[in-house]
Every structure is written in C-alpha cells, then in structure tokens.
Amino acid sequence: MAEDHPEAEKRYRRSRVRVGRFRIGAPPGLQATPVVDEGAAAAPARLSFMRYAAGGDVDEIRAASPVQCVAPGKDSGDVTWVHVQGPPTGAQLQALGQAFGLHPLALEDVLNRETRPKLEAYETQQFVVVDLVHRAADGELCADQVSFFLGSNFVVSVNEGPEDVFEPVRARIRSMTPIRSRGADYLLYALLDVVVDRGFPLLEALGDRLEALEDDVLDHPDRESRNGIHYAKRELVLMRRSWWPQREVLARLMRDDQRLLDDATRPYLRDCYDHCVIIIDFVETYREMASSLLDTYMSSLNQRMNDIMKALTIIATIFLPLMFLTGLYGMNFNTQSPWNMPELHWRFGYFYALGVMLAVAVGMILWFRHHRWF
11 MAEDHPEAEK RYRRSRVRVG RFRIGAPPGL QATPVVDEGA AAAPARLSFM RYAAGGDVDE
71 IRAASPVQCV APGKDSGDVT WVHVQGPPTG AQLQALGQAF GLHPLALEDV LNRETRPKLE
131 AYETQQFVVV DLVHRAADGE LCADQVSFFL GSNFVVSVNE GPEDVFEPVR ARIRSMTPIR
191 SRGADYLLYA LLDVVVDRGF PLLEALGDRL EALEDDVLDH PDRESRNGIH YAKRELVLMR
251 RSWWPQREVL ARLMRDDQRL LDDATRPYLR DCYDHCVIII DFVETYREMA SSLLDTYMSS
311 LNQRMNDIMK ALTIIATIFL PLMFLTGLYG MNFNTQSPWN MPELHWRFGY FYALGVMLAV
371 AVGMILWFRH HRWF
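One rule links them: number in the working numbering = place in the sequence shown (from 1) + 10.
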C-alpha cells in the first residue's frame with residue numbers, strides 16, 4: 011500500500027503536470043512533440059487489429075503493424091477496431107491518422123498525454139478522452155489516459171498504460187455475443203464501461219483501508235495511521251480529478267446530438283453514466299470520511315495528551331502534601347526546647363510520619379475517585 015512506502019509522496023509529486031511537454035508557440039498537431047521524461051520506460055506500443063460483422067468471421071491480428079491497420083470502406087457493414095497498447099510514437103499516430111482520417115489536434119492530445127477527460131466532435135468522428143485509474147504493481151495509484159476515436163464503422167483506442175484491460179471485450183466479440191450485431195458506437199460503450207467499472211474494486215479496497223484506519227485511530231493513534239489518512243486523501247483527490255470530468259463526458263455523449271451514436275446505444279450509455287455517478291458518490295463519501303478521520307485523529311491525540319497531563323497532575327497533587335510533611339520534619343529543630351515537636355522524641359515517630367503520609371495519599375486518591383477525576 012502507499013503508506014508502506016516512504017517514497018510514495020515523491021511519486022505523487024512526479025505525477026503532476028509537466029509544463030515542458032507543451033512547447034510554447036509550436037504549431038498545432040503532431041508537430042508539437044512532447045518532451046519525454048528522462049528515465050521513463052520507453053516500451054514500444056503494441057497494435058492489435060479486429061474486424062467483425064454480425065454473421066461473419068472475426069479477422070484479428072494481435073501484433074499488427076500500422077500498415078495492416080486498414081480503415082474499412084464507408085459502405086462496409088463491418089466494424090473495425092484498432093487498439094494501441096502503450097505510449098504510441100508520433101510515427102504510429104501519423105500512420106493511423108492517415109489511414110482513418112483522424113484529426114491532427116486530437117492526435118496531439120493523444121501524444122501529449124496531459125489531457126483532461128473530454129469529448130470533442132469533429133466532422134466525421136468523435137474523440138473521447140478518459141482516465142483509467144488503477145493501482146500499479148508497487149501499490150501506487152495511477153491514472154493512465156485512454157483515448158477513443160469513433161467513426162461510422164470503426165473505433166481506434168489508445169491506452170498508454172502497461173495493462174491491456176480490454177481483453178474481456180475481445181472475448182465477447184470472438185464468442186458471437188450481441189456485440190457482434192451492433193455498430194461501432196456500441197463497441198465504444200463496451201470499452202467505456204470497462205474503464206468505468208474498474209473503479210469499483212479500487213473503491214472497495216479503499217473503503218476497507220479507511221475502516222481499518224478508523225479502528226487504528228480510535229484504538230492507538232500513531233504516525234502510521236496519520237500517514238495512512240494523508241495517503242488515502244491524496245488518492246481520493248486523484249480519483250475525483252479523474253472521474254468527475256468523465257461523468258461530464260458520458261453526459262454529453264447521451265445529451266448532445268451525436269450523429270455517430272444510435273438511439274439503441276443510448277440506454278447502455280445511461281447505465282454507464284449511472285455507474286460513474288455511483289463511483290463519484292463513493293468518492294465524495296470517502297473524502298468526507300477521510301476528513302473526519304483526520305479530525306478524529308487530532309481529537310484522539312488531544313484526548314491522549316489530556317489524559318497524560320491529568321495523570322501527571324494527580325500524581326503531583328498527591329505528592330504535594332507529602333513533600334510538605336517531609337520538608338517540615340526534615341528541618342533542624344532544637345530538641346532541648348520545650349516548644350519542640352513531640353514526635354521527634356517518639357520511639358516510633360518515623361513510622362507515625364510514614365503512616366500519616368500514606369493516609370493523606372489514600373485519602374486524596376479516594377477523594378479524586380469520588381469526584382470522578384480519574
């Protein structure tokens with residue numbers, strides 16, 4: 011988990027926007043090549059190609075080249091899906107842009123990978139950008155950009171992350187499910203549904219963490235529980251920043267006059283939108299819970315400090331009269347004077363003084379207990 015790694019805070023800081031990716035004054039389109047972070051993993055993007063129809067076979071190329079990714083004809087009844095897994099290069103995007111007629115401004119957004127989730131409508135296609143929130147192998151929460159180009163009979167998807175999350179959709183296409191009888195807009199819905207629904211396991215795990223943190227804060231608040239609350243709040247900020255605009259994207263897909271979306275697909279998009287709303291409700295609930303946990307943590311620390319100070323005060327108060335008695339009997343008196351303390355001549359005066367001290371201490375403790383001071 012993030013709280014177990016001392017370097018987690020540095021990784022969160024590295025996930026901020028890099029202004030150097032955007033060259034000031036550069037021309038629009040793919041000419042504005044982003045600046046790649048030093049040391050970043052530059053694994054080549056993998057292309058996969060699928061073409062299917064309602065009653066025909068599925069043409070699939072798992073490791074395709076840009077040359078093999080051919081756009082279907084305008085009057086073709088087939089649906090073509092090209093998926094790019096990993097950060098694509100400018101050459102790969104240019105080849106796909108020429109083959110499918112993708113807009114250069116949209117290709118620039120894909121290449122820069124600092125785009126907020128959004129929906130853009132062009133003449134012959136729709137461009138959709140969403141964030142895929144997932145937890146990496148080291149426990150860090152990440153948000154990878156996923157871009158979709160929707161045409162009349164094709165979908166081009168680009169997932170910059172390391173994990174291919176769309177394999178269940180491919181399995182549905184191969185198994186002659188109803189997805190084969192629908193158009194490219196339904197394929198876009200199926201892909202968006204995968205991205206949205208992957209948020210539920212993350213929220214479930216985060217809810218368990220918050221409940222465990224609540225128990226720790228109430229039982230024994232310490233630095234680890236405080237760090238856990240802060241890391242949970244950071245993750246919730248990332249989730250909210252990713253999922254809140256995605257709800258607007260799905261709302262626009264349903265609401266706007268989208269020529270590429272069939273009326274039969276809109277109910278499915280509404281269902282996807284409902285899932286996104288549920289996720290955002292959970293995020294807002296967990297944000298309030300994390301904030302209240304931090305307040306509870308501070309209250310627990312203050313209560314613990316008050317208990318310690320109360321115990322020390324009671325101990326000091328009990329020893330105050332004892333110190334008076336020992337100081338009184340520790341004075342150098344003239345034992346020959348008739349006004350001297352008679353206890354100084356008693357054979358058991360020492361035990362008498364100790365008994366008086368013990369009686370005073372016990373009496374004070376009982377008096378404190380009677381007033382419920384501890």
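Glycine included, each C-beta is placed from N, C-alpha and C at the ideal position.
As the structure is a prediction and not an experimental result, all values here were calculated from the model.
DSSP links ILE71 through a beta bridge to PHE59. Between ARG280 and MET264, the C-beta spacing is below 9 Å. ALA131 has GLN136 as its beta-bridge partners, per DSSP. Burial check for PRO76: the Cβ neighbour count within 10 Å reaches 16 or more, so the residue is buried.
The Cβ-Cβ distance between THR134 and GLY107 does not fall below 9 Å.
Taking 8 Å as the upper bound for CB-CB distance, LEU202 and VAL293 are not in contact here, some 18 Å apart. Cβ-Cβ separation between PHE164 and ALA116: approximately 14 Å, too far for a contact (criterion under 8 Å). Secondary structure of CYS286 (DSSP, three-state): helix.
Sequence-distant partners of MET367 (beyond 5 residues in either direction) whose C-beta falls short of 7 Å from its own C-beta, in its chain, are LEU332, LEU335. With contacts defined as CB atoms closer than 9 Å, ASP119 and SER167 fail to qualify as a contacting pair.
Taking one beta carbon from each stretch, the region 238-249 and the region 296-313 have 3 or more pairs nearer than 8 Å; the two touch.
One Cα belongs to GLY171, the other to GLY161, and the distance between them is close to 23 Å. The three-state secondary structure of TRP356, taken from DSSP, is coil. With a beta-carbon spacing of about 7 Å, LEU142 and VAL175 fall inside the 8 Å limit used to define contacts.
In the structure shown, the three-state DSSP call for VAL77 is coil. Residue state for ARG250 is assigned as helix, using DSSP reduced to three classes. Excluding its 5 nearest sequence neighbours in each direction, GLU70 has C-beta neighbours in its own chain below 6 Å: MET60, listed in chain order.
Assignment of beta-bridge partners to HIS240 by DSSP yields no partner.
A Cβ-Cβ distance of about 5 Å is found for the pair ALA64 and ARG190, placing them in contact under the 8 Å criterion.
Within the same chain, Cβ atoms closer than 8 Å to the Cβ of CYS282 are found at TYR199, LEU202, ASP203, VAL206, LEU260, the five residues on either side in sequence being excluded. Residue range 209-229 is occupied by the alpha helix (DSSP H) that includes ASP225, with no beta strand (DSSP E) assigned at that position. Taking 8 Å as the upper bound for CB-CB distance, GLN95 and ARG123 are not in contact here, some 14 Å apart. For the set ALA55, LEU216, GLY238, the Cα lying nearest the Cα of GLU173 is the one of ALA55. Here ASP229 has no same chain residue with a Cβ atom under 6 Å from its own Cβ, once five neighbours each way along the sequence are excluded. The C-beta separation of ILE239 from LEU223 comes to about 6 Å, placing the pair in contact by the 8 Å criterion. At least 9 Å separates the beta-carbon of PRO98 from that of THR90. Sorting TRP377, ASN316, ARG126 by C-alpha distance to the C-alpha of ARG257 places ARG126 at the top. In the structure shown, ALA153 adopts extended strand secondary structure according to DSSP, grouped into three states. Within the region 174-198, the runs of alpha helix (DSSP H) at least 4 residues long that lie entirely inside it are, in chain order, 177-184.
In this structure HIS381 is exposed. Its beta-carbon is surrounded by fewer than 16 other beta-carbon atoms within 10 angstroms. In the DSSP assignment, ASN169 falls outside any alpha helix (DSSP H) and within the unbroken beta strand (DSSP E) covering 164-169. Counting along the chain, GLN95 sits inside the beta strand (DSSP E) bounded by residues 89-95. ARG236 is not a Cβ neighbour of TYR296, given a cutoff of 9 Å. Beta-carbon to beta-carbon, LEU220 and ALA242 are separated by about 6 Å, close enough to satisfy the 8 Å threshold. Going by DSSP, ASP85 is part of no alpha helix (DSSP H) at all; its letter is neither H nor E. Contact between LEU57 and VAL92 holds: their C-beta atoms lie close to 7 Å from each other, under 8 Å.
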